[in-house]
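Peer 1:
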Amino acid sequence: MSSPPIQKTVKQHYVPRLYLRNFKNPDGKLWVYNKATGFILHSGESKVAFENGFYDLVDGSLEGGAAEDWNEKDRGERAMSRFDLELDRVLKLLLSEGQFVGIKNDIRNATAFAMAIQHMRTASFRDRMDQVANESMSKLSQSFIELNFPGQGHLAPTVELTDAFLRQEHINTILDYDHWRLFGDAIATHRWAFCIAPPGSSFITSDEPVSMRFHFAGQGPDFGGIKSKGVEIVYPLNIRFALVTREASLPPLPCSEAMPVQVEPDFVDYCNNLVAANSHRFIFGSSDDFGKITLFLDRNQELRQRPWGLWETKMSKLRWVKENGRRVPKQDMISQRRFLDINW
1371 MSSPPIQKTV KQHYVPRLYL RNFKNPDGKL WVYNKATGFI LHSGESKVAF ENGFYDLVDG
1431 SLEGGAAEDW NEKDRGERAM SRFDLELDRV LKLLLSEGQF VGIKNDIRNA TAFAMAIQHM
1491 RTASFRDRMD QVANESMSKL SQSFIELNFP GQGHLAPTVE LTDAFLRQEH INTILDYDHW
1551 RLFGDAIATH RWAFCIAPPG SSFITSDEPV SMRFHFAGQG PDFGGIKSKG VEIVYPLNIR
1611 FALVTREASL PPLPCSEAMP VQVEPDFVDY CNNLVAANSH RFIFGSSDDF GKITLFLDRN
1671 QELRQRPWGL WETKMSKLRW VKENGRRVPK QDMISQRRFL DINW
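Per the numbering used here, the sequence shown runs over residues 1371 to 1714.
See the structure below:
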């Protein structure tokens, strides 16, 4: 007998509801800060960080699907449902055992992979992929025209890939084992710290929960940022606990993974500023007091205006080389991203 079909979910959350519940206030709702407008909303976790049909494939199955049940329109949704169950398990272990005995290797590895998948599944990550892909295709169009009609490359039409294609590429990336394994392995090699907020302070989160900062000017994010030299990651677990990881070349953290340590209020503010800077559109917390976040964003107006916080996408300058006596564009059209100079 065939199994019954799963119930179709229209609202598909790119930040799991079970994660957002950890940041609710006593009345069971979240305070939501719109960083572009500065407005503060009061909302349930089911009404934020989602898009209708976000993981649905427009044209049916993905090419090369391995198993029959994956060759369906809701392949992405099925995968994220399984991920949510694993994330729930990891969070419960961290918030039960972790706060008393520290982070053991098995929990550490599972958490690293959960952070990697969360990093890739968001609307912010998809938007960055979309812009890079469209800019790359437009540059290739320009180089093709320039190659055949020297001096006319600027007349090349702008290329925009279809939403169906870009959506499929995003889901392909999320479900590609090699991608999130490389991300997870990179996070696992960092120095980790289990930080506790002191009384009177609390951690916030956003619609980009895995927040990154790059400390070395000119280094450039590598493989989505996580594998970069000098990268620092903040992953809030709830209003009281947060994981902070640093690539090995950075100075040690004020706390360790062996045993959770209560940090100073200034370090909580630093982590919250990093979360706010990385946020896509919204910031979530248990309190409606976003005063410090407002001041931070006011000092860095570019973070309000950019659709995805810290990231700026910039295509590399087109260069030409000679091959077999012909003038052809050099094949280095991969997008380069740089970290903005933030007033911390």
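Ideal Cβ placement from N, Cα and C applies to all residues, glycine included.
What is the rounded straight-line gap between the Cα of D1546 and the Cα of E1578?
Peer 2: Approximately 20 Å between the Cα atoms of the pair.
Peer 1: Opposite P1606 in the DSSP bridges: which residues?
Peer 2: Partner(s): A1612.
Peer 1: Compare the Cα-Cα distances from R1651 to each of R1478, T1492, D1426 and R1561 and report the closest residue.
Peer 2: When each option's Cα is compared against that of R1651, the closest is T1492.
Peer 1: Could you name the residues of the same chain whose beta carbon sits closer than 6 Å to that of I1663, not counting the 5 residues immediately before and after it, in chain order?
Peer 2: Contacts found: A1646.
Peer 1: Could you tell me which of P1606, I1653 and S1657 sits nearest to F1637, measuring between CA atoms?
Peer 2: Ranking the options by Cα distance to F1637, first place goes to P1606.
Peer 1: For R1674 versus A1486, is the C-beta spacing smaller than 8 Å?
Peer 2: Not closer than 8 Å, so no.
Peer 1: Would you identify the three-state DSSP class for G1423, choosing helix, strand or coil?
Peer 2: The answer is coil: DSSP assigns G1423 none of H, G, I, E or B.
Peer 1: DSSP three-state call for K1405: helix, strand or coil?
Peer 2: If DSSP states are grouped into helix, strand and coil, K1405 belongs with coil.
Peer 1: Could you check whether G1655 and S1581 sit closer than 8 Å to each other, using their CB atoms as the reference points?
Peer 2: Not a contact, by the Cβ cut-off of 8 Å.
Peer 1: Relative to the C-alpha of D1397, which candidate in Q1488, G1414, V1385 and Q1382 has its C-alpha closest?
Peer 2: When only C-alpha atoms are compared, the closest one is G1414.
Peer 1: Would L1390 and A1419 qualify as a contact pair, given that the criterion is a beta-carbon distance under 8 Å?
Peer 2: Yes, they are a contact pair.
Peer 1: Go ahead and pull the three-state DSSP assignment for A1618.
Peer 2: Coil.
Peer 1: Looking at the strands, I want to know which residues DSSP matches up with I1410.
Peer 2: DSSP output for I1410 lists Y1403 as bridge partner(s).
Peer 1: Quick one: what's got a C-beta closer than 6 Å to A1482's C-beta in the same chain, skipping five residues either side?
Peer 2: Within the same chain, A1482 has close Cβ partners G1554, I1557 and A1558.
Peer 1: For L1623, is the classification buried or exposed, using 16 other Cβ atoms within 10 angstroms of its Cβ as the cut-off for buried?
Peer 2: Buried, since its Cβ has 16 or more Cβ neighbours within 10 Å.
Peer 1: S1451 lies in the alpha helix (DSSP H); which residues open and close that run?
Peer 2: Its alpha helix (DSSP H) spans residues R1445 to L1463.
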